[in-house]
Every structure is written in C-alpha cells, then in structure tokens.
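Worksheet: one structure, shown below.
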C-alpha cells in the first residue's frame, strides 16, 4: 500500500470506487481497441485493392501516353501537357470511427468532352488525358485509405498502452492498496477486540 494512503474505511470506499471505474474503463477501451482493429483490417484490405488498381490504371495511362507520343510527337504532347491546368479542387471531409477522424476525398470525376481535339483529330491526347485523370482519382482514394490506416494504427497503439496501464499497473496497484487497508483495519479490529475482552475480564475480576 502506498505510504500516502491512510488506512481508513473512507479511503477504502474511495479506492473501491476507483477500482470499479478503472475496470469499466478497461472494458470500454478493450472494446474500442477491438472495433479499431476490425476497421484497420478492413482498411488495409481496401488499401491493397487500391494499390493494384493504381498500378493497373497507371499502366493503361502510360500506354495511352505512348500512343499519343507516336501520333503527335513527344514535343507536342509535352506542350499540351504543360497547358493542362493542375487539379487543385480537392474536397476532403472527415468522419469519426470510435473517436478517430478519418479523411474522405470526394471522387474526382473525369472531365467530359474532347479537350484537345483541335490539336489532334485522332483524339489520342484526349484518351491519354482521361487515363491520367483516372490515375489521379485512384491515387486520391489510395492516399485517403493509407492515411486512414496510419491514423487507425496510431490510435490502436495509444488505446493498447492505456489498456495495458490499467491492466498491469492501475488495477493491480489499487487491489493491493485495498488488500493492505483491509489487513490493517482487520488487525485493528482484532486488537480492539482483545483490548475489550481484556478490559471486561479485568472488570469482572475487580467485581468479585
């Protein structure tokens, strides 16, 4: 029992309440950890699927770019590429999973219409541009999911540390303190009983 805790019944009641709260907190944190683990497992699986999708759409986009290079020439393609405005309008929203803020990127839709038909009557540059826009959309989704994996993993580590602290330090220490106080109080009660019994015996002997 820590020296600063005075072995009184009041402290024993307070420690018992603290123990009850610690156990409830432990159970809630363990439930949270399990939910986060399930969410992390599902998110990792989604990330793997998106990694495959990114590889696939990038391969298609690169092939489309090669065809445009052949059709128009590398210099023309480079000139057109530099004329394309950068995609800056990303909308990111947040939703909560057990208190963890998870980002969501709004879908990037492919732009309609032949943006480069005045350059290339065959439309090969349009095909390449749309293909790379699909790459951008897939990369945005992958970044969203990989960020979610990171955030979930960080929160799981924090929750695990808190569960361990309650399980291995707080609860055992409180139980030990309660046992120590109970032992001291019981010893005091035994001593009081012996003193009372001795006093009664002495009183009885004096009354003879």
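Numbering (the numbering used here), first residue to last: 839 to 1046.
Yeah, the Cβ is synthetic: ideal placement off N, Cα and C, and Gly gets one too.
Rounded to whole angstroms, what's the CA-CA distance from residue 1007 to residue 984? Just pull it up for me.
Each residue's alpha carbon lies about 34 Å from the other.
Take residue 870 and list the residues in its own chain whose beta-carbon comes closer than 7 Å to its own, dropping the five residues that flank it on each side.
936, 997
In whole angstroms, give me the CA-to-CA distance for residue 862 and residue 882.
30 Å
Tell whether a beta-carbon distance below 8 Å holds between residue 853 and residue 1004.
no
Would you call residue 851 buried or exposed, if buried means 16 or more other Cβ atoms sit within 10 Å of its Cβ?
That one is exposed.
Which runs of the alpha helix (DSSP H) fall wholly inside the region 845 to 872 and span at least 4 residues, in chain order?
none
Under the rule that 16 or more other beta-carbon atoms within 10 Å means buried, what is residue 924, buried or exposed?
exposed
Do you know whose CA, among 895, 857, 884, 855, lies nearest residue 967's CA?
Measuring from the Cα of residue 967, the nearest candidate turns out to be 895.
Identify the continuous alpha helix (DSSP H) that holds residue 918 and give its terminal residues.
Taken as a continuous stretch (DSSP letters only), the alpha helix (DSSP H) holding residue 918 covers 912 to 921.
Buried versus exposed call for residue 876 [16 or more other C-beta atoms within 10 Å across all chains shown]
An exposed status is given to residue 876, since fewer than 16 other beta-carbon atoms sit within 10 Å of its beta-carbon.
If I measure Cβ to Cβ from residue 991 and keep anything under 7 Å in the same chain, skipping five residues before and after, which residues do I get?
878
List the DSSP bridge partners of residue 934.
939
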